[in-house]
Each structure stands twice: as C-alpha cells, then as structure tokens.
Amino acid sequence: MQNQSLTYEKKDGVFVIRIFPVKKWGEVAQLSSELRELCRETLFDQSIRVVILTGAEENAFLIDPEMARPGSEEDEGLEAISGCLAEPVANLDVPVLAAIHGDAMGQGLELALACDMRIASEGSLFGLTHIRTGLVPWDGGTQRLSRLVGRAKAIEMILTGEIIDAKEALRIGLVNSIVPREEVTAVVMGLAQKMASKGPIALRYTKEAISKGIDMTLEQGLRLEADLYLLLHTTRDRTEGIQAFLKKRSPQFEGR
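Taking the working numbering as reference, the numbering of the sequence shown is continuous, increasing by one, and the terminal residue is 288.
In structure tokens:
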C-alpha cells in the first residue's frame with residue numbers, strides 16, 4: 033500500500049516500510065505524521081514480527097543529499113517536533129532493521145539510529161552533519177549515537193560534522209554489516225525472515241530486556257531479564273516451543 037510519503041507491505045510476519053526521498057524540508061512533517069500513524073498501527077498488529085525500514089529509492093536512506101539544507105527562509109517556521117521521525121520507530125516493540133542502500137546523513141542517520149540493526153551497502157556514507165548549517169541534531173542523534181559508538185567518537189562526529197564511509201561505520205559499530213548494494217535487500221530480508229520464524233513474544237521480550245536494560249544498573253537489568261523470562265513461561269508459545277523440541281519438529285508459534 034502507498035501513502036504520500038511512504039509505501040508499506042506485510043508478508044510472512046515481516047513488515048517493510050519504504051520511505052520516499054524528502055525533496056524539501058517542509059515534507060518532513062507529512063512523513064512524520066504518516067510514519068507515526070503506521071508505527072502506532074504496527075504496535076497493535078500481532079502478526080507483525082519484524083519491521084524493515086528502507087528508502088524507496090537507492091540514492092539515500094531518507095533525504096536526498098542534494099536537497100536544500102534546513103534553516104532556509106522557506107522552512108524557518110518549521111518546528112522540530114512536527115518532523116520527528118526516530119521516536120515512533122524506536123518505540124516499536126518488535127525488531128526493526130534498517131536497509132541502507134545509499135547515504136544516511138543528518139536526520140536520515142538519526143532515523144537509522146532508532147533501528148535495532150543497520151545493514152548498509154559498501155558505498156554508503158554516514159554523518160550527523162547538522163553542525164555544518166549551524167544546527168544541533170534534534171531527532172535523537174546526540175543521544176543514540178553516543179550510546180551506540182561511545183562518547184568520544186560520537187562527539188567527534190557531531191561537533192565536526194564528519195562524514196564517514198561504510199568501512200569506518202562498521203569498524204566503530206555504527207552498522208552491523210556492509211554488503212554490495214545489490215545484495216542489501218536480500219540480506220536484510222533473510223535476516224528478518226530468520227527472526228520472524230522465532231517466537232514473537234520471545235522476540236519482543238528480548239528486545240525489551242536489551243533496550244531498557246542498557247539504561248539500568250546491572251542489578252536492575254538482571255531483574256528485568258528475570259521478570260520477562262518468568263512472564264514468558266506463562267504463554268502458549270513457550271509450551272509450544274518445548275513440545276516442538278521434544279518431538280523434534282518445527283514450532284508453530286502463535287504469539288500467545
């Protein structure tokens with residue numbers, strides 16, 4: 033199906049969202065509205081086990097690198113909050129994979145940072161380039177980049193507006209893997225299908241334990257992990273997993 037700013041499709045538990053390139057900054061608010069609504073619907077759709085986020089065109093993950101920069105007179109009155117993209121994606125309770133065929137700059141990288149994993153093409157470039165136009169990253173970049181690659185590298189990239197290539201992004205842990213451009217879609221889909229074949233409740237609980245636990249003390253994180261483990265044992269899927277193992281067959285998880 034297609035909206036003004038994106039297309040989406042669901043198959044075998046994998047929900048693919050493809051975002052059209054943003055041609056001008058005034059279009060970000062429209063994209064934000066559509067993406068937020070789509071993410072809200074995803075939270076209530078138990079058949080969705082994994083989400084893939086990618087660009088509808090392959091030159092950039094989100095924003096055309098040749099587009100007019102923010103801060104122009106045309107966009108002077110645009111409030112940042114109206115164009116937030118990362119938060120609804122970060123709030124999804126299922127694994128979210130970013131398939132990055134082209135460059136991820138500025139808010140495009142901030143959106144990718146909100147995903148759980150990032151698979152990029154070998155020629156991709158990355159940067160939180162806001163400082164080059166006198167801006168501060170405002171869609172989670174200052175917080176998520178430092179948590180992912182460490183404070184030292186994050187502050188270097190953000191304060192200089194440095195652009196790094198895919199190999200450096202892999203080295204510092206910004207992306208999980210890099211593959212030839214023509215293989216990105218297949219690799220990410222294969223990874224998503226592998227995850228989608230697992231127990232959906234276990235997937236969600238595991239993501240919650242990791243995502244929330246990282247900001248807790250070790251003791252608090254271990255308690256959260258134990259609570260989720262015990263909660264999982266009250267589900268039918270856990271019983272099905274045990275029965276399938278004992279009978280040496282593939283489990284048929286229902287998400288209950």
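Beta carbons are placed, not taken as given, at the ideal position from N, Cα and C, and that holds for glycine. This one's a predicted model, so the numbers in the text were calculated from it and none came from an experiment.
### Task
Hey, could you find the ends of the alpha helix (DSSP H) L21 is sitting in?
Residue 21 is absent from the model: the chain starts at 33 and stops at 288.
### Message
DSSP has Y261 in a bridge; who is on the other side?
### Response
DSSP lists no partner for Y261.
### Query
Just how far apart, CA to CA, sit A218 and F76?
When rounded, the separation of the alpha-carbon atoms in A218 and F76 is 27 Å.
### Message
Could you tell me the alpha carbon to alpha carbon distance between T174 and D44, rounded to whole angstroms?
### Response
Using only the alpha carbons, I get a separation of about 35 Å.
### Query
Out of V207, E188, S65, K244, which has the shortest C-alpha to C-alpha gap to P120?
Nearest option by C-alpha distance: S65.
### Message
Quick check on DSSP: helix, strand or coil for L145?
### Response
In this structure, L145 counts as helix in the three-state DSSP scheme.
### Task
Take E240 as the anchor and find which of L85, T161, L256, H162 has the nearest alpha-carbon.
Nearest of L85, T161, L256, H162 to E240, Cα basis: L256.
### Query
Helix, strand or coil for E240 per DSSP?
helix
### Task
With a cut-off of 8 Å on the beta carbons, I'd call E142 and R213 a contact; round off their distance for me.
E142 to R213, Cβ: 22 Å. No contact.
### Message
If you measure between the beta carbons of V46 and Y40, is that distance less than 9 Å?
### Response
No, Cβ-Cβ distance for V46 and Y40 is not below 9 Å.
### Query
In terms of residue numbering, what span does the alpha helix (DSSP H) encompassing L129 cover?
Not the alpha helix (DSSP H): L129 falls in the beta strand (DSSP E), residues 128 to 132.
### Task
Take the Cβ of K199 as the centre, count every other Cβ of all protein chains shown within 10 Å, and call the residue buried at 16 or more, exposed below.
exposed
### Message
Could you compute how far the alpha carbon of E98 sits from the alpha carbon of Q36?
### Response
Note that E98 scores 45 on pLDDT, short of 50, meaning its location in the model is unreliable; the coordinates nonetheless yield the value given after this. Cα-Cα distance, rounded: 21 Å.
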